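Asker: Please see the structure below; I have some questions.
Protein chains: 2
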Amino acid sequence: MEIDQSPVQGKARPLSRARSLLEALPGKAKAEVIGFAKSVRKLGQDDPRRITHSLKVGLALTVVSFIYYLRPLYKSFGEAGIWAVLTVVVIFEFTVGGTLSKSFNRGLATLLAGALGLGAQYLASLSGEKGQPFVLGIFVFLLAAASTFTRFFPRIKARYDYGVLIFILTFSMVSVSGYRVEELVVLASQRLSTILVGAAICIVVSICICPVWAGENLHNSAASNMENLASYLEGFGGEYFQSGEGSNSDRSFLQGYKKVLNSKPTEDTMANLARWEPGHGRFGFRHPWKQYLKIGALSRQCAYQIEILNGYIKSDNQVPLEFRCKIQESCTQISAECGKALKSLASAIKTMTIPSSTNVHVENSKTAVKDLQISLKAVSLEHDQELLAILPGATVASILVEIVISVEKISESVHELSNLAHFKSVEPTVSPEKPQLLHRGAINPVLDGDSDHVVITIHETSTGLQENENPKAPKIGQRVEL
Amino acid sequence: MEIDQSPVQGKARPLSRARSLLEALPGKAKAEVIGFAKSVRKLGQDDPRRITHSLKVGLALTVVSFIYYLRPLYKSFGEAGIWAVLTVVVIFEFTVGGTLSKSFNRGLATLLAGALGLGAQYLASLSGEKGQPFVLGIFVFLLAAASTFTRFFPRIKARYDYGVLIFILTFSMVSVSGYRVEELVVLASQRLSTILVGAAICIVVSICICPVWAGENLHNSAASNMENLASYLEGFGGEYFQSGEGSNSDRSFLQGYKKVLNSKPTEDTMANLARWEPGHGRFGFRHPWKQYLKIGALSRQCAYQIEILNGYIKSDNQVPLEFRCKIQESCTQISAECGKALKSLASAIKTMTIPSSTNVHVENSKTAVKDLQISLKAVSLEHDQELLAILPGATVASILVEIVISVEKISESVHELSNLAHFKSVEPTVSPEKPQLLHRGAINPVLDGDSDHVVITIHETSTGLQENENPKAPKIGQRVEL
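Protein chains in written order, with our numbering: chain A, 123 to 604; chain S, 123 to 604.
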């Protein structure tokens with residue numbers, strides 16, 4: 123606990139000095155500093171773009187501050203140069219779309235409100251020296267109240283909220299400031315030009331140095347949401363039927379889906395910002411961003427189902443072993459195949475290729491549903507089984523069947539996206555998944571001819587499934603990603 | 123389609139003039155104007171506080187603009203008076219908590235950054251005329267980058283995001299502006315005092331005229347979320363078992379729960395803002411706002427279950443009539459009693475009284491669960507029932523049982539809240555619900571002695587339930603809200 127004796131001497135070796143300072147700290151403070159350092163490191167590691175973004179903001183501000191130092195620029199902008207600094211600070215957003223949206227909003231709102239403000243001043247000046255403040259006061263009141271009210275419109279709130287704010291701000295400032303109109307025109311043009319300079323610096327830095335595109339974020343989040351759902355479903359069978367005594371000590375894959383439950387606001391924001399972005403990389407200007415919201419809603423639907431399913435993993439497993447053994451194979455198969463379908467959809471989105479291999483997994487999961495139905499039919503014939511006892515297991519089976527329907531809907535919406543966005547039809551050269559490894563003990567039973575007389579009650583869109591008794595056997599004319 | 127001939131003459135009767143203008147518009151534009159007017163009206167009707175808020179913003183801005191007109195004030199503030207206008211526009215938020223949070227953030231950040239900026243300027247001036255811009259540039263870069271990075275910390279993002287923004291802004295402006303230090307001190311003090319004036323006006327208007335408290339919003343949203351869930355559950359039985367052919371043409375009560383699914387971000391924001399608010403009305407300064415987040419999470423859990431349940435209302439009802447009749451009474455009873463329990467919890471939150479009548483409904487729903495279990499036990503004895511056919515119905519029953527557990531958890535968390543926030547123990551004089559009317563055909567069957575040998579598998583916290591065969595019969599020593 124000794125206090126550092128040499129605060130000056132260590133100048134040449136800042137690192138060792140910092141270390142000695144750290145050692146001198148009392149235990150609790152030291153732990154806090156280390157904890158803080160760790161959380162900083164984690165934030166940076168989780169998303170290195172955060173570090174780049176911080177450096178970009180620093181750079182843009184440094185560049186704009188040189189406007190003040192380089193004399194020729196200073197003279198042409200005058201005092202208003204400070205508005206360029208202000209613009210950079212408030213406009214620079216994490217994503218390109220955010221920066222563009224704010225630039226556009228700020229520029230247009232300043233222009234509009236400036237013109238209106240000048241008009242208001244002129245009108246007010248007609249009412250004489252004494253009347254002017256009151257007329258202006260009424261104008262400010264009416265415009266501020268009306269504009270504030272428009273911010274409650276959901277569409278305006280989502281896209282033009284900042285613009286309305288700047289509109290009120292500029293109108294009040296222009297109409298209220300005691301300047302004469304001629305002075306105001308000069309001032310307004312100065313302010314506009316500095317805003318343009320500030321916005322231009324922001325846009326250039328934002329786009330040219332490691333750009334973060336809201337559209338790409340939305341695209342990737344759609345894929346990662348599906349991966350989270352898929353990880354759960356692929357692990358579910360092993361987790362539920364082995365009562366968690368398997369070799370899986372790391373169960374973090376069972377938590378990922380929770381992120382999907384509350385994904386709506388982030389996705390809505392990203393979709394709104396993506397509309398402002400020009401075409402970039404693999405995304406055209408008119409990329410169907412709205413379709414991602416549809417995919418997102420369906421993914422959340424599936425996440426809700428998984429949330430209910432998850433309740434049954436946690437609860438004490440009181441379902442009779444006999445019944446669980448009956449449904450184990452087909453349930454594990456359904457869950458694993460749904461997981462694989464979602465994984466292949468996620469990889470199709472990532473690589474922007476047509477999700478051709480998904481259909482196989484969806485069909486496999488449907489076949490497994492039929493196997494499950496056969497198993498359930500067999501159950502009803504035994505008299506020793508009580509419905510009450512097997513109910514939790516039956517519910518799990520029932521929800522898994524619902525999940526198959528959800529996954530099929532997700533698959534359809536991703537196919538729609540692949541049509542709208544003209545995905546390539548090329549398969550990725552290296553399969554991004556390793557089906558053989560991820561396939562947890564889900565060997566489909568070859569049922570003894572039973573499947574010939576199955577009554578199909580679950581959504582059936584394709585025929586010719588009954589013939590294919592082993593769902594893992596590749597079908598003729600269909601590419602399989604195994 | 124005639125054009126209004128008299129644009130000046132109508133001055134005396136603006137209403138009739140507006141009408142004639144409206145009539146002159148071509149059909150499509152007219153429809154759009156009417157549509158717009160309707161949506162404005164709806165926005166205002168949905169929440170009249172929106173109108174008050176807009177008027178309050180107008181008022182605050184008008185008041186602050188008089189700083190410019192009243193000469194003595196103008197002289198003492200000088201040019202910096204414009205910052206008061208700017209402060210009002212950006213600080214005035216819908217809720218008192220929002221306004222206070224922004225005021226505090228802006229004030230403290232300006233003070234801190236101003237002091238730091240002066241220090242930076244002094245240090246930079248030591249490095250001579252030529253070195254100064256570069257030293258300042260490095261300062262701005264480092265501080266902006268570091269501060270921007272802190273905005274990624276979730277806790278800072280939630281509470282101090284605006285403060286960090288203003289910190290970067292003020293630091294850049296102070297350190298960059300080419301003034302001498304003596305001038306800057308004057309300027310900074312002017313700016314601070316104008317910010318104080320602006321913030322003071324905002325806070326006074328925000329609190330004194332129809333205040334909107336974030337805490338009260340959070341409190342009410344907890345209650346309304348529960349009411350939405352309750353409306354669904356009370357209506358579910360009739361909707362599911364009567365195949366939607368009942369007299370209920372208005373099914374909007376089946377949609378309310380969807381609002382709960384995505385309630386998390388709003389609740390988080392409100393809870394953060396509520397911490398800034400002083401004690402108001404029925405809420406003390408240290409009101410347990412965090413508990414509302416816990417209640418919110420449990421309500422969402424229940425909403426997820428209802429979302430799954432809702433899927434079974436929509437799907438074709440292929441469950442054999444015989445089975446449906448067996449579970450109809452107890453399922454309707456479970457659902458209705460859960461709904462009543464939630465309604466009474468909601469009303470307890472609204473009136474801030476201890477939710478004493480909830481327990482009766484929770485216990486009733488548990489009794490109904492036992493009745494359901496008896497019915498299900500009876501099912502297994504019949505050989506003509508196929509498990510596969512009755513599976514959808516059995517799943518509905520199973521999810522309803524889960525909902526009972528959810529409702530019990532919600533009830534516990536509301537009881538916790540009533541402890542933490544010292545709710546009154548007085549019952550409301552007028553019961554806010556009308557149980558007899560909302561109780562849709564849920565007459566509990568008095569089972570013939572079967573309940574004596576039921577094996578209880580569902581969470582049971584109280585005993586003495588078996589004796590109470592009619593769950594609607596009030597228990598001794600417990601107040602019933604019927």
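Note that beta-carbon positions come from the ideal geometry of N, C-alpha and C, so glycine has one too. All values reported here derive from a predicted model rather than from experimental measurement.
Where does residue 402 of chain A sit, in a helix, a strand or coil, going by DSSP?
Answerer: Strand, per DSSP.
Asker: If distances are taken between C-alpha atoms only, which option among S/533, S/355 and S/215 comes closest to residue 476 of chain S?
Answerer: When each option's Cα is compared against that of residue 476 of chain S, the closest is S/533.
Asker: Determine the contact status of residue 262 of chain A and residue 299 of chain A, defining contact as a CB-CB distance below 8 angstroms.
Answerer: It is not a contact, given that the beta carbons lie outside the stated cut-off.
Asker: According to DSSP, what are the bridge partners of residue 546 of chain A?
Answerer: Note: residue 546 of chain A sits in a beta bridge opposite A/475.
Asker: Could you work out which residue in A/442, A/421, A/468 and A/327 is closest to residue 174 of chain A when comparing CA atoms only?
Answerer: Per the Cα distances, A/327.
Asker: Round the Cβ separation of residue 116 of chain S and residue 222 of chain S to the nearest angstrom and send it over; I've been treating them as touching at under 8 angstroms.
Answerer: Residue 116 of chain S cannot be examined here, being either before or after the span of chain S that is shown, 123 to 604.
Asker: Along chain A, which residues have their Cβ under 8 angstroms away from the Cβ of residue 429 of chain S?
Answerer: Here the neighbours are 423 and 426.
Asker: Taking just the CA atoms, how far does residue 348 of chain A sit from residue 462 of chain A?
Answerer: Those two C-alpha atoms are separated by around 10 angstroms.
Asker: Is the separation between the beta-carbon of residue 456 of chain S and that of residue 522 of chain S shorter than 8 angstroms?
Answerer: Cβ distance < 8 angstroms, so residue 456 of chain S and residue 522 of chain S count as in contact.
Asker: Under three-state DSSP, which class holds residue 289 of chain A?
Answerer: Of the three classes helix, strand and coil, the one that applies to residue 289 of chain A here is helix, per DSSP.
Asker: Here's a check: name, in chain order, each residue in its chain whose Cβ is nearer than 8 angstroms to the Cβ of residue 335 of chain A, leaving out the five neighbours to either side.
Answerer: If we look at residue 335 of chain A and ignore the five residues flanking it on each side, its Cβ neighbours are 217, 218, 219, 396, 399, 402, 403 and 405.
Asker: Here's a check: name, in chain order, each residue in its chain whose Cβ is nearer than 7 angstroms to the Cβ of residue 394 of chain S, leaving out the five neighbours to either side.
Answerer: Excluding sequence neighbours, residue 394 of chain S sits near 280 and 281.
Asker: Using a Cβ-Cβ distance under 8 angstroms, would residue 537 of chain S count as near chain A?
Answerer: No, no contact with chain A.
Asker: Does the contact criterion of 3 or more C-beta pairs under 8 angstroms hold for the region 486-495 of chain S versus the region 408-421 of chain S?
Answerer: With the cut-off at 8 angstroms, the region 486-495 of chain S and the region 408-421 of chain S do not touch.
Asker: Output yes or no for whether 8 angstroms exceeds the beta carbon distance between residue 351 of chain A and residue 430 of chain A.
Answerer: Cβ atoms of residue 351 of chain A and residue 430 of chain A: not closer than 8 angstroms.
Asker: Buried or exposed: which applies to residue 459 of chain A, given that a residue is buried once 16 or more other Cβ atoms fall within 10 Å of its Cβ?
Answerer: Classification of residue 459 of chain A: buried, given that the 10 Å Cβ count is 16 or more.
Asker: Quick one: does residue 270 of chain S have its CB under 8 angstroms from some CB of chain A?
Answerer: Yes - at least one Cβ of chain A is within 8 angstroms of the one on residue 270 of chain S.
Asker: Identify the contact partners of residue 172 of chain A in chain S, using a Cβ-Cβ distance below 8 angstroms as the criterion.
Answerer: Going along chain S in sequence order, the residues near residue 172 of chain A (Cβ under 8 angstroms) are 271 and 274.
Asker: I need the DSSP call for residue 169 of chain A, collapsed to helix, strand or coil.
Answerer: Three-state result, residue 169 of chain A: coil.
Asker: I need the DSSP call for residue 212 of chain A, collapsed to helix, strand or coil.
Answerer: In the structure shown, residue 212 of chain A sits in a helix (DSSP, three-state: H, G or I).
Asker: Name, please, each residue of chain A whose Cβ falls closer than 8 angstroms to the Cβ of residue 384 of chain S.
Answerer: Correct list: 384, 386 and 387.
Asker: DSSP on residue 327 of chain A, reduced to helix/strand/coil?
Answerer: Looking at residue 327 of chain A - three-state DSSP - the assignment turns out to be helix.
Asker: Interface residues of chain S around residue 499 of chain A at Cβ under 7 angstroms?
Answerer: In chain order: 508 and 510.
Asker: Between residue 388 of chain A and residue 205 of chain A, which are expected to be in contact by the criterion C-beta below 8 angstroms, what is the C-beta distance as a whole number of angstroms?
Answerer: Their Cβ separation, rounded to whole angstroms, is 32 angstroms, which puts residue 388 of chain A and residue 205 of chain A out of contact at 8 angstroms.
Asker: Residue 393 of chain A CB to nearest chain S CB: under 8 angstroms?
Answerer: By this cut-off, residue 393 of chain A is not an interface position.
Asker: Check the Cβ of residue 212 of chain A against every Cβ in chain S and list those closer than 8 angstroms, keeping chain order.
Answerer: Under the 8 angstroms cutoff, chain S gives 287 and 291.
Asker: Hey, is residue 251 of chain A's beta-carbon within less than 8 angstroms of any beta-carbon in chain B?
Answerer: Checking the listed chains, one finds no chain B in this structure; the protein chains it contains are A and S.
Asker: In the DSSP assignment, the alpha helix (DSSP H) including residue 361 of chain A goes from what residue to what residue?
Answerer: Where residue 361 of chain A is concerned, the enclosing alpha helix (DSSP H) stretches over 336-363.
Asker: Comparing the C-beta of residue 516 of chain S with each C-beta of chain A, is any distance below 8 angstroms?
Answerer: Answer yes: the Cβ-Cβ gap between residue 516 of chain S and chain A drops below 8 angstroms somewhere.
Asker: So, for residue 265 of chain S: in the same chain, excluding its five sequence neighbours on each side, which residues have a beta-carbon less than 6 angstroms away from its beta-carbon?
Answerer: Excluding sequence neighbours, residue 265 of chain S sits near 293.
Asker: In whole angstroms, give me the CA-to-CA distance for residue 386 of chain A and residue 391 of chain S.
Answerer: Between residue 386 of chain A and residue 391 of chain S, the C-alpha separation is close to 15 angstroms.
Asker: So what's residue 441 of chain S in DSSP terms, helix, strand or just coil?
Answerer: Of the three classes helix, strand and coil, the one that applies to residue 441 of chain S here is coil, per DSSP.
Asker: Can you have a look at residue 243 of chain A and say buried or exposed, based on whether 16 or more other CB atoms are within 10 angstroms of its CB?
Answerer: Buried.
Asker: Among residues of its own chain, excluding the 5 on either side of residue 383 of chain S, which ones have a beta-carbon nearer than 6 angstroms to its beta-carbon?
Answerer: Excluding residues within five positions, the ones whose Cβ falls inside 6 angstroms are 425.
Asker: At which residues does the alpha helix (DSSP H) containing residue 225 of chain A begin and terminate?
Answerer: Start and end: 218-248.
Asker: Just how far apart, CA to CA, sit residue 286 of chain A and residue 188 of chain S?
Answerer: Answer to the nearest angstrom: the Cα atoms are 22 angstroms apart.
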